[in-house]
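Contents: one structure, followed by commentary.
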């Protein structure tokens with residue numbers, strides 16, 4: 401479907417450990433590349449200009465979008481597959497949107513082309529596969545190896561993030577808090593209305609399947 405352009409823009413903003421910083425004033429922030437990327441993301445998935453402006457203003461005022469927690473109830477869910485992964489698109493009551501992706505592994509451990517991550521499958525094992533989520537102004541990702549046969553996560557590495565509206569952010573945790581969970585936590589100091597918050601992304605393997613969750 402439609403993620404390639406947005407993914408490329410986010411990748412340019414958020415390499416491993418990278419941070420998108422926005423001015424504290426909404427009028428200034430409107431010209432910031434991170435704001436433009438967020439609006440492009442929202443527009444691509446059907447949000448009107450009015451909804452985009454309202455969401456950006458509320459975020460910079462310290463409010464949380466519904467999409468910033470996977471526990472929020474979505475009003476619509478779309479699932480589809482592209483060459484680079486299995487996507488889930490959730491739209492929420494406030495008009496915000498989340499997109500999560502599981503990278504599709506190469507069968508039999510075959511190597512990918514240079515510059516593309518080496519996600520592979522061998523039996524019930526998934527190795528070096530990227531897990532991503534985007535909500536417009538925030539994106540989080542890490543790589544994981546996990547086994548759907550014995551419901552374990554064996555490795556996590558390569559955390560990346562982009563957090564619009566933050567003065568600073570630091571990776572405070574990347575690991576396995578339980579044998580079947582891989583997780584990253586990023587602590588951010590927000591500008592505008594100053595406050596601190598933690599954004600997290602989690603992979604959970606249970607009953608032979610993998611699921612992604614997140615919150616701030």
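In our numbering, the protein residues as written are 401 to 616. Backbone N, C-alpha and C fix where the C-beta goes; we use that ideal spot for every residue, glycine too. Since the structure is predicted, the reported quantities are computational estimates derived from the model, not experimental observations.
By Cβ distance, which residues of its chain are closer than 8 Å to residue i, with the 5 residues on each side in sequence left out?
i           : result
residue 590 : 462, 565, 566, 567, 596 and 597
residue 575 : 556, 582 and 583
residue 610 : 502, 526, 546, 548, 603 and 604
residue 615 : 468, 469, 470, 471, 599 and 600
Taking only the alpha-carbon atoms, compute the straight-line gap between residue i and residue j and give it to the nearest angstrom.
i           : j           : result
residue 594 : residue 467 : 21 Å
residue 498 : residue 613 : 11 Å
residue 503 : residue 481 : 10 Å
residue 519 : residue 541 : 14 Å
residue 446 : residue 587 : 30 Å
residue 473 : residue 484 : 27 Å
residue 577 : residue 530 : 18 Å
residue 505 : residue 433 : 32 Å
residue 569 : residue 528 : 25 Å
residue 592 : residue 458 : 11 Å
residue 573 : residue 464 : 22 Å
residue 524 : residue 543 : 17 Å
Might you give, ordered along the chain, the residues of its own chain that have their beta carbon closer than 7 Å to the beta carbon of residue i, omitting 5 neighbours on each side?
i           : result
residue 476 : 491
residue 430 : With a pLDDT of only 45 at residue 430, under 50, the local geometry of the prediction cannot be trusted, and no value is derived from it.
residue 554 : 545, 546 and 547
residue 606 : 551 and 580
residue 515 : Caution applies to residue 515, whose pLDDT of 31 falls short of 50 and renders its modelled position unreliable; the model cannot decide the point.
residue 571 : 417, 559, 584 and 586
residue 448 : none
At what residues does the alpha helix (DSSP H) containing residue i begin and finish?
i           : result
residue 449 : 449 to 460
residue 544 : Note, residue 544: premise wrong, no alpha helix (DSSP H); beta strand (DSSP E) at 538 to 547.
residue 443 : 433 to 444
If you drop the 5 nearest sequence neighbours on each side, which residues of the same chain put their C-beta closer than 6 Å to that of residue i?
i           : result
residue 439 : 452
residue 500 : 488, 533 and 612
residue 608 : 548
residue 624 : No answer is possible for residue 624: the residues shown for the chain start at 401 and end at 616.
residue 479 : 488
residue 450 : none
So residue i packs on residue j, CB below 8 Å; how close in whole Å?
i           : j           : result
residue 539 : residue 522 : Contact flag wrong, Cβ pair sits at about 29 Å.
residue 441 : residue 558 : Going by Cβ atoms, the distance from residue 441 to residue 558 rounds to 22 Å, so no, they are not a contact pair.
At what residues does the beta strand (DSSP E) containing residue i begin and finish?
i           : result
residue 497 : 497 to 502
residue 611 : 609 to 615
residue 527 : 525 to 534
residue 555 : 552 to 563
residue 486 : 485 to 492
residue 602 : 595 to 606
residue 520 : 520 to 522
Please find out if some non-hydrogen atom of the ligand HEM comes closer than 7 Å to the beta-carbon of residue i.
i           : result
residue 611 : Annotation note on the ligand HEM: not contained in the displayed structure, which lists no ligands.
| query | Taking contact to mean at least 3 C-beta pairs separated by less than 8 Å, is the region 481 to 499 in contact with the region 445 to 462? | reply | Result yes; three or more Cβ-Cβ pairs closer than 8 Å.
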